[in-house]
Amino acid sequence: MTSGARLREIAPEEIPKLPDLLPVLPLKEAVLYPFIIVPLSVGREASIRAVDESLSEHRLIVLVAQRDPSIEEPGAEDLHPVGTVAAIMRMLKLPDGRIRILAQGIARVRIEHLSHGEPFLQARVERIAEAAAPEPSLELQALVRSAKEAMDRVVALGKAVSPEVLVLVANLEDPGRLADLIASNLELSLEDAQQVLEELDPVRRLRKVAEHMHREIQLLT
Numbered sequence: 097m098t099s100g101a102r103l104r105e106i107a108p109e110e111i112p113k114l115p116d117l118l119p120v121l122p123l124k125e126a127v128l129y130p131f132i133i134v135p136l137s138v139g140r141e142a143s144i145r146a147v148d149e150s151l152s153e154h155r156l157i158v159l160v161a162q163r164d165p166s167i168e169e170p171g172a173e174d175l176h177p178v179g180t181v182a183a184i185m186r187m188l189k190l191p192d193g194r195i196r197i198l199a200q201g202i203a204r205v206r207i208e209h210l211s212h213g214e215p216f217l218q219a220r221v222e223r224i225a226e227a228a229a230p231e232p233s234l235e236l237q238a239l240v241r242s243a244k245e246a247m248d249r250v251v252a253l254g255k256a257v258s259p260e261v262l263v264l265v266a267n268l269e270d271p272g273r274l275a276d277l278i279a280s281n282l283e284l285s286l287e288d289a290q291q292v293l294e295e296l297d298p299v300r301r302l303r304k305v306a307e308h309m310h311r312e313i314q315l316l317t
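In our numbering, the protein residues as written are 97 to 317.
The structure is reproduced here in structure tokens:
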């Protein structure tokens with residue numbers, strides 16, 4: 097997964113209305129989750145143009161993982177059906193023609209239609225509403241506590257995680273947000289990361305992420 101991922105809370109009034117069509121940035125080696133901020137390197141011409149279009153309009157873009165990272169010009173069949181609408185916070189042009197962007201995830205979305213028009217992909221998307229977080233219970237508290245302890249254990253075994261992220265993990269109680277933040281800081285395969293993105297039940301999502309952490313702990317010990 098992308099290194100340097102961190103989280104920022106977004107107030108409901110900050111979440112924008114999505115335009116009918118949004119530029120698409122296919123990702124070869126990353127999955128972005130809502131509320132997470134990550135740096136991304138963009139090198140393909142079509143992707144650079146998609147970023148330019150986003151910056152000239154509303155700063156919104158659809159980030160969606162490719163099924164096969166080796167495909168240079170992905171079409172609808174090459175992209176996962178669920179991605180994340182993100183806001184481009186910053187953009188830096190590099191001397192070699194590539195660009196670096198800082199993107200913040202806003203919402204999970206399902207791609208309803210993908211346009212292959214030149215010079216970049218555009219999509220009509222539907223915002224996905226995840227299941228509501230359950231009422232507090234001893235079982236949920238135990239799951240959240242176990243996930244936090246597992247994250248601490250992974251870090252103690254040598255995983256590099258920023259102090260800022262560790263503070264956020266310690267203070268988050270929402271199971272869905274906690275799962276997304278932890279997942280964005282684990283070395284998950286693209287397939288596993290995509291499964292976390294597509295899991296809309298926050299408790300099941302946190303259980304899934306906790307299982308990944310326990311497997312990582314077994315490998316590190």
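We put the CB at the ideal spot given by N, CA and C, even for glycine.
{"Check": "Which of the three DSSP states, helix, strand or coil, is assigned to residue 304?", "Outcome": "helix"}
{"Check": "Determine the burial state of residue 177: buried for a count of at least 16 other Cβ atoms within 10 Å of its Cβ, exposed for fewer.", "Outcome": "exposed"}
{"Check": "Ends of the beta strand (DSSP E) at residue 171?", "Outcome": "Where residue 171 is concerned, there is no enclosing beta strand (DSSP E), given that its DSSP letter is neither H nor E."}
{"Check": "Quick check: the Cα distance between residue 136 and residue 257, rounded to an integer number of angstroms?", "Outcome": "18 angstroms"}
{"Check": "Under 7 angstroms Cβ to Cβ from residue 223, same chain only, skipping five residues before and after it: list those, please.", "Outcome": "114, 203, 205"}
{"Check": "Tell me the rounded alpha-carbon separation between residue 275 and residue 301.", "Outcome": "6 angstroms"}
{"Check": "Alpha carbon to alpha carbon, how far is residue 284 from residue 309?", "Outcome": "10 angstroms"}
{"Check": "Just to check my reading of the structure: residue 139 and residue 160 have Cβ atoms closer than 8 angstroms, yes? What is that Cβ distance to the nearest angstrom?", "Outcome": "Going by Cβ atoms, the distance from residue 139 to residue 160 rounds to 17 angstroms, so no, they are not a contact pair."}
{"Check": "Assuming residue 157 contacts residue 121 (C-beta within less than 8 angstroms), just tell me the rounded distance between them.", "Outcome": "5 angstroms"}
{"Check": "Using the C-alpha atoms, what's the distance from residue 182 back to residue 212?", "Outcome": "20 angstroms"}
{"Check": "Which residue from 118, 175, 316 puts its Cα closest to that of residue 254?", "Outcome": "316"}
{"Check": "Tell me the rounded alpha-carbon separation between residue 277 and residue 247.", "Outcome": "11 angstroms"}
{"Check": "Alpha carbon to alpha carbon, what distance is there between residue 148 and residue 194?", "Outcome": "12 angstroms"}
{"Check": "To the nearest angstrom, how far is the alpha carbon of residue 207 from that of residue 191?", "Outcome": "34 angstroms"}
{"Check": "Alpha carbon to alpha carbon, what distance is there between residue 219 and residue 168?", "Outcome": "18 angstroms"}
{"Check": "In terms of residues, what are the limits of the alpha helix (DSSP H) holding residue 224?", "Outcome": "Neither: residue 224 is in no alpha helix (DSSP H) and is coded neither H nor E."}
{"Check": "Can you tell me whether DSSP reads residue 271 as helix, strand or coil?", "Outcome": "helix"}
{"Check": "With a threshold of 8 angstroms on Cβ separation, who are the neighbours of residue 290 within its own chain once the five nearest residues in sequence on each side are excluded?", "Outcome": "127, 161, 176, 178"}
{"Check": "Would you mind stating whether residue 305 and residue 252 have Cβ atoms separated by less than 8 angstroms?", "Outcome": "no"}
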